[in-house]
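J.: For the numbering used here, count along the sequence shown from 1 and bump the result up by 7.
The beta carbon of each residue, even a glycine, is placed where N, CA and C say it ideally should be.
This structure is in C-alpha cells; I'll ask about it shortly.
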Amino acid sequence: MANKASRELITMRPNIVLLFLLYLLPASEYASGQDIPLKPLDLEKPLTRIGFGSCAKQFNPQPIWEAVVAARPELFILLGDNIYADTQDMTAMQAMYQQFADVPKFRQLRAECPLLAVWDDHDYGKNDAGIEYPKKVEAQQVFLDFIGEPQDSARRKTPGIYDAKIIGIPGQRVQIILLDTRYFRSALHTRENRGNRVFGNYGPYGPHNRNDNSEHSVLGEAQWKWLAEQLRQPAELRIIASSIQFIAEEHGFEKWGNFPLERDRLLKLIAETKANGVVFLSGDRHHAEISKLENPTVGYPLYDITSSSLNAPSGWQNERNRHRLGSIYRDENFGMLFIDWDQEQPTVTFEIRGLKGKTKIAEQVALSQLQNSSSIEITPQD
C-alpha cells in the first residue's frame, strides 16, 4: 500500500513523479482498478435510472461522486476523458486509472452500480488525437482492463472500443450503443482563424469541405458496418454514447460537425434502419447543455445531452449553439436519464445535476415523439 505522502505527491505533481513511484509500489497498487468489485449488468431488468458524465481529472478532488451515488443510478455511463493521461507510457496510464479507481465514492459507485464507458482524447492518450496515435492498440487494453472487460471478450480482439448492449424486456428495451470516436478518426481540419470569442465560435477546428470530404471519417468503415447492424436491433429507446457532441455545429472544438458528411451519414443511417428512439449522450465540452435537432431525414427530433465536467468546469463563455434548449451550465455536473415505463405514454426525462445533486437543466419527451411515423408497423385488425 502506498503511504499517504506518496499518494499526495502523485496528486500534486502527477506528470513528474508518477512513473518513478510506480517502481516503488507492488503491482497490486496499480492494477488498473482490478481490485475494485464490479457490479454486473442485468440484461433482463428494465432500466429506469441511468447516470452519465465525463471529464474527470484524476489528480484533482472529485466530490461529485457523493451526489452521483445518492442519485441511485441503475447504470452509469462514462462518456470519455475518464482520466487525463496524455501519455504513450502504458504503465503510467495504468497508474492514473488506479488513481481514479481509488476515489472512495467512485469505488462505492462501482460496487453498487454497473458501469459502461467510452473514451475520449485524454484517456485515449493524446489531446485531440485520432487514428494517428501510435499507442492506440495498447491503450485499448488498458482501458478495457479498467472497466473489467473479460480477457476472452471479443472487444479485446477487435480494433476500437465500440460495443452495444440491449437491456430489458420487449416493450421496455433500452439499447446502449458505445461509439469509438478516436481509434479510426481522420485528421481534424484546422482553420486559419481560430474564431471570435465575442461571437462564441472560438476554437481551432472547422468543418472539412463537403466537396473533398469522402476520405475523412469519424468511425471507420468497420464500425460503420457494425453500427448499421446495431440500429436494426429491436429496442424502444436507443442511447448513443458519443464522446464528442453530435448536434452542436458552431463552436471550433471537436464535434461531429467537423466531419459534415459523416454527420449526414449517421442521420441517414438512423432513417434507413428505421431506428426509433435515438438519443445522444456526449461529454468533452466542460459544460452541460441539451441540444435538439429537428431533421426531416430522421423524421423525429434528436436530442444530445452533454454532461461535462465531473470535476473540471470550463471558463469558456458564450459558446454558440443554435440547437441548445434553455441555458448552459458551466459548473461541475453529471447527467441523469429517467424512463417512466408505467405511463400509458412512456416518457424519458433528461436532467443535468450539479455538485450537490440539484437539478440545473431538465427536459422531458414522450417516447412516442421519438418515432418516425413511416417506420411504425401497423398490425392489421381482424
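Taking 8 Å as the threshold (C-beta atoms), are L377 and A353 in contact?
T.: For this step, residue 353 is matched to residue 346 along the sequence shown. For this step, residue 377 is matched to residue 370 along the sequence shown. It is worth fixing the name first, because residue 353 is Pro in this sequence and not Ala. No. Outside cutoff.
J.: Please give me, in chain order, every unbroken run of the beta strand (DSSP E) with length at least 3 that falls completely inside the region 286 to 321.
T.: Segments of the beta strand (DSSP E) lying fully in the region 286 to 321: 295 to 300 and 309 to 313.
J.: Counting beta carbon pairs with one atom in the region 130 to 150 and one in the region 109 to 122, are three or more of them shorter than 8 Å?
T.: As far as the Cβ criterion goes, the region 109 to 122 does not touch the region 130 to 150, which means the pair count is below three.
J.: Going by other Cβ atoms of all chains shown within 10 Å of its Cβ, with 16 needed for buried, is K365 buried or exposed?
T.: Position 358 of the sequence shown holds residue 365. By the 10 Å Cβ count, K365 comes out exposed.
J.: Is it right to say A235 is buried, meaning 16 or more other beta carbons lie within 10 angstroms of its own, or is it exposed?
T.: Locating residue 235 in the sequence shown gives position 228, where the first residue counts as 1. Exposed.
J.: Would you tell me roughly how many angstroms separate the C-alpha atoms of Y209 and E326, rounded to the nearest one?
T.: On the sequence shown, position 202 is the one that residue 209 refers to. On the sequence shown, position 319 is the one that residue 326 refers to. If I take the Cα positions, the gap works out to 8 Å.
J.: How big is the Cα-Cα spacing for V355 and D135?
T.: Counting from 1 along the sequence shown, the entry for residue 355 is found at position 348. Counting from 1 along the sequence shown, the entry for residue 135 is found at position 128. Those two C-alpha atoms are separated by around 32 Å.
J.: D152 and R162: beta carbons closer than 8 Å?
T.: In the sequence shown, residue 152 corresponds to position 145, counting from 1. In the sequence shown, residue 162 corresponds to position 155, counting from 1. No, these two residues do not count as a Cβ contact at 8 Å.
J.: Classify Y131 as helix, strand or coil using the three-state DSSP reduction.
T.: The count along the sequence shown starts at 1 and reaches residue 131 at position 124. Correct three-state label for Y131: helix.
J.: Take F66 as the anchor and find which of I90, Y212, S334 and S193 has the nearest alpha-carbon.
T.: As a first step, residue 66 is located in the sequence shown; it is residue number 59 there, counting from the start. Ranking I90, Y212, S334 and S193 by Cα distance to F66 puts I90 first.
J.: Around the C-beta of P80, are 16 or more other C-beta atoms found within 10 angstroms, so that it is buried, or is it exposed?
T.: By one-based count along the sequence shown, residue 80 stands at place 73. Counting Cβ neighbours within 10 Å, P80 comes out buried, since at least 16 surround it.
J.: Consult DSSP for F66 and reduce its assignment to one of helix, strand or coil.
T.: If you number the sequence shown from 1, residue 66 lands on position 59. Three-state result, F66: coil.
J.: Could you check if E301 is buried or exposed, using at least 16 other CB atoms within 10 Å of its CB as the buried criterion?
T.: Taking the first residue of the sequence shown as 1, we reach residue 301 at position 294. Exposed: under 16 other Cβ atoms inside 10 Å.
J.: By the 10 Å Cβ neighbour count, where 16 or more other Cβ atoms means buried, how is Q371 classified, buried or exposed?
T.: In the sequence shown, the residue the question calls residue 371 occupies position 364. Under this definition Q371 is an exposed residue.
J.: Classify A77 as buried or exposed, calling it buried when 16 or more other Cβ atoms lie within 10 Å of its own Cβ.
T.: Residue numbering aside, residue 77 sits at position 70 when the sequence shown is read from its first letter. Looking at its Cβ environment, which holds fewer than 16 other Cβ atoms inside 10 Å, A77 is exposed.
J.: For the region 263 to 276 and the region 92 to 111, state whether three or more C-beta atom pairs, one from each stretch, are separated by less than 8 Å.
T.: No, the region 263 to 276 does not touch the region 92 to 111.
J.: In its own chain, which residues sit with a C-beta less than 6 Å from the C-beta of I335, not counting the 5 before and 5 after it?
T.: Along the sequence shown, read from residue 1 onward, the residue named residue 335 stands at position 328. So the list reads H294 and E296, once near-sequence residues are dropped.
J.: What is the rounded straight-line gap between the Cα of I138 and the Cα of W231?
T.: Indexing the sequence shown from 1 puts residue 138 at position 131. Indexing the sequence shown from 1 puts residue 231 at position 224. So the alpha carbons of these two residues sit roughly 15 Å apart.
J.: Going straight from the alpha carbon of L362 to that of N340, what length do you get?
T.: On the sequence shown, residue 362 is found 355 positions in, with the first residue counted as 1. On the sequence shown, residue 340 is found 333 positions in, with the first residue counted as 1. The straight-line gap from Cα to Cα measures roughly 6 Å.
J.: Pull up the DSSP beta-bridge partners for Q371, would you.
T.: If you number the sequence shown from 1, residue 371 lands on position 364. Paired residue(s): T356.
J.: Please report the distance separating the alpha-carbon of D311 from that of I246.
T.: The residue labelled residue 311 in the question sits at position 304 within the sequence shown. The residue labelled residue 246 in the question sits at position 239 within the sequence shown. Whole-angstrom Cα-Cα distance: 10 Å.
J.: Only counting the same chain, and skipping five residues up and downstream in sequence, which positions put a Cβ closer than 6 Å to that of I184?
T.: For this step, residue 184 is matched to residue 177 along the sequence shown. Same-chain partners within the cutoff: A171, Q237 and I247.
J.: Considering only C-alpha positions, which residue in the set A63, L244 and R239 is nearest to L317?
T.: Along the sequence shown, one-based indexing puts residue 317 at 310. Measuring from the Cα of L317, the nearest candidate turns out to be A63.
J.: Tell me, to the nearest whole angstrom, how far the beta carbon of E73 is from that of K112; I am working on the premise that it is less than 8 Å.
T.: Here residue 73 corresponds to residue number 66 of the sequence shown, with the count starting at 1. Here residue 112 corresponds to residue number 105 of the sequence shown, with the count starting at 1. Between K112 and E73 the Cβ distance is about 5 Å, and since that is below 8 Å, they are a contact.
J.: Helix, strand or coil: which one does DSSP assign to E236?
T.: As a working mapping, residue 236 is identified with position 229 in the sequence shown. Reduced to three states, the DSSP call for E236 is helix.
J.: Whole angstroms are fine: how far does the CA of P68 sit from the CA of A255?
T.: Taking the first residue of the sequence shown as 1, we reach residue 255 at position 248. Taking the first residue of the sequence shown as 1, we reach residue 68 at position 61. Their backbone Cα atoms lie some 30 Å apart in a straight line.
J.: Using a Cβ-Cβ cutoff of less than 7 Å, which residues in the same chain neighbour V225 once the five nearest sequence positions on both sides are dropped?
T.: As a working note, residue 225 is residue 218 in the sequence shown. Around V225: T188, R192, W263, F266 and E269.
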